[in-house]
Each structure stands twice: as structure tokens, then as C-alpha cells.
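Beneath this line is the structure, given in C-alpha cells, with notes to follow.
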Amino acid sequence: MKKASIVIPTMNKLSRLRLILKALESQVDDTVEVIIIFDGCSDEVLCDFKKLKLGFEPIQIIYSENVGRSKARNSGILKASGEIVIFLDDDRIPCSDFISKHVISHKNGRFAIVGQRNNVEYPEEVLEQLYLNGLTESDYSRIDRDSIPEPYEPAKKIARLIFGQLIERITFSTGNSSARREDLIAVNMFDENFTGWGLEDTDLGYRLGKSGVKIKRNFSIVNYHLVHPVNKSQQSSENQKNFEYFLRKIEGDKASIRMAKFLNKLIYR
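Per the numbering used here, the sequence shown starts with residue 711, numbered consecutively.
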């Protein structure tokens, strides 16, 4: 059994994905595997990916059609042989000790770990230069200097002050998180009825928490989100549909519904 499996779903973001993989090169050894799920990627992207020269051989799962975040990550979990599954997005540069910190965080208990997301915005030519540099120590210093905490963090801090530890179930995020594979399997992984953007990770965190897994934040496990344009109107619409589905799923849990509504209002007001 491997110590850890890194699960990365991707869809046509090769200039970012290759940078994320470059950041992992110095961290991957024979106790760690990287699983990439190509979720409806173009033939051109798949062809260009084959040309990359990496310091490790990632496991590849290829879907010709887009199946969505939940199914893509579930296929990665099922393929994983690691005791710990670490979720990483294809546009988030992991810190230089990303894997080891996630693994160490699971000692002495049943935990699901959520790291810290910082945002950084660079043009494509800077991403190209960072890749060619190989992400040196000075590159990391630059990225850290140029980055800012995620915009939702102030809302989450307010929610923690009001609701305490239980709020972590509602703020679980899979762009930088980890859990034991057996715990993920025990709660039936991601609910594939969530489609589009949002809440599939919230729902997973909620079910992990209800099963006895403690959701913990580790702010020292940083990854850097490479900001890119999004369709905010579509994102908001998809989030609202998924939010309503999530509320139906937890009907009867008044405390969690209250927390979810409070946080959703703070973020999407």
C-alpha cells in the first residue's frame, strides 16, 4: 500500500496542470502516487500532455466526455492505493512540503484535513517562465509574496466565531484537502447527483463529520490558486441549485442548516 495518493481532476488547463505537476516532482517518491483524471479534455491537450517530461509517472484516467467533479474524483479514489487520499485541483500550486504535511496531519486520529488556499493572478507568460525555471525557491518566494488569502476566508472566520468547530463540516473544500481512503469509501465518497459548481465537497465534509471523522484546518498547508476567468452568473446558478439539494439532504439537522445558510449568505450576498 502507498502512503498517499494525490487525486487531480483536470479539464483543458494544461499550462496550469503541468506547473502543479512540476511542483510535485520533488515531493513524489515510491510511497506516493499521482492520479490525474482527464475529464472531457480535448485530443490536443491529451496529446500535449504525453509530451511532458516528468520526474514521475502519473496514473491516468481518461473520460472522453465531461463527467463532472464528483464522478471524476470518485474514480480517482477507487483507483488509489494510498492510505491517505490528497485532493488537489489542477490550478493550485502546492507548497514545497505539501504532501508530507498532509500525511503527518493524519497521525493519531481519524481526521480529514483542509489546507489554506491563497490566490495569485499571473499572465500565461509568467506561468511559462515558472515552469521553465522548475519552481525554484525564489519562485516560491515570489508566488507567496504576490498571493492573497482566498476571498471567502473572512466569512469563514466569522462563522467559526459563531458556530465553533462544527462549521468545519460545512467549509470542507477539496482543492486542498485529504482523508483516509477507508473513511471516504465508508461514506460512499462524493455524491454524483451534485452537478456543476459547488457543494459536492461541502456534502462530503458533512458526511465525514457525521461518521466520526474530525475535520481539521491546517493553515500551514498552503496551495496557490492560479486565478482565471469564470462565468460568475453560471457559477452562482449552479451553486444555488446544488445548495438547495444539499439542504434537502440534511433536512432535520437544524444546526447544520442554520450554519450552511449563514455561510452561504455571507459568501454570496
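Ideal Cβ placement from N, Cα and C applies to all residues, glycine included. Everything numeric in this text was worked out from a predicted model, so none of it was measured.
*Is it true that the CB of leucine 840 sits closer than 9 Å to the CB of glycine 717?*
Glycine is not the amino acid found at residue 717; the sequence shown has valine there. Not a contact, by the Cβ cut-off of 9 Å.
*Pick helix, strand or coil for leucine 914, following the three-state DSSP scheme.*
helix
_tyrosine 773, DSSP secondary structure in three states_ = strand
*Can phenylalanine 882 and isoleucine 925 be called in contact, C-beta distance under 9 Å?*
yes
_Going residue by residue through the stretch 904-961, where are the continuous beta strand (DSSP E) segments of at least 3 residues, counting only ones entirely within it?_
924-936
*Express the C-alpha separation of glutamate 892 and glycine 962 in angstroms, rounding to a whole number.*
27 Å
*Shortest alpha-carbon distance to asparagine 818 belongs to which of Gly750, Pro859 and Val923?*
Val923
*Would you call the stretch 723-739 and the stretch 757-766 touching, i.e. three or more CB-CB distances under 8 Å?*
yes
*On the three-state DSSP scale, how would you describe glutamine 826?*
strand
*Any idea what DSSP makes of isoleucine 797, helix, strand or coil?*
Here residue 797 is phenylalanine; the residue named in the question, isoleucine, does not match the sequence. DSSP places phenylalanine 797 in strand when its eight states are reduced to three.
*Cβ of serine 966 within 9 Å of Cβ of isoleucine 880?*
yes
_On the CB-based measure, 16 or more other CB atoms within 10 Å of its CB, does asparagine 974 come out buried or exposed?_
buried
_With distance defined between alpha-carbon atoms, name the residue in Asp749, Cys805 and Leu788 nearest to glutamate 775._
Asp749
*Using only alpha-carbon positions, find the residue among Gly885, Asn903 and Pro939 that is nearest to arginine 802.*
Gly885
_Start and end residues, beta strand (DSSP E) containing serine 715_ = 712-720
*Do the stretch 927-937 and the stretch 825-842 meet, that is, are 3 or more Cβ pairs less than 8 Å apart?*
yes
_Tell me whether the stretch 912-920 and the stretch 893-900 touch, counting them as touching only if at least three CB pairs, one residue from each stretch, are closer than 8 Å._
yes
*Tell whether a beta-carbon distance below 9 Å holds between glycine 786 and methionine 711.*
no
*For lysine 817, decide whether its Cβ has a neighbour in chain C, counting only Cβ atoms nearer than 9 Å.*
Absent here is chain C; the protein component of the structure consists of one chain.
*Is the stretch 949-959 close to the stretch 846-855, with three or more CB pairs under 8 Å?*
no
_Rounding to the nearest angstrom, what Cα-Cα distance links leucine 724 and proline 859 in this structure?_
24 Å
*In terms of residue numbering, what span does the beta strand (DSSP E) encompassing asparagine 886 cover?*
886-890
_Can you tell me where the beta strand (DSSP E) holding valine 744 begins and where it ends?_
742-749
*Got a sec, what are the start and stop residues for the beta strand (DSSP E) arginine 802 sits in?*
802-804
*asked:* Less than 6 Å between C-beta atoms, sequence neighbours within five positions excluded: which residues of the same chain meet that for arginine 958?
replied: none
_Exposure label - glycine 844; buried when at least 16 CB within 10 Å_ = exposed
*Residue burial classification, valine 742 (beta-carbon count within 10 angstroms, cutoff 16)*: buried
_lysine 811 vs serine 715 beta-carbon contact at 9 Å_ = no
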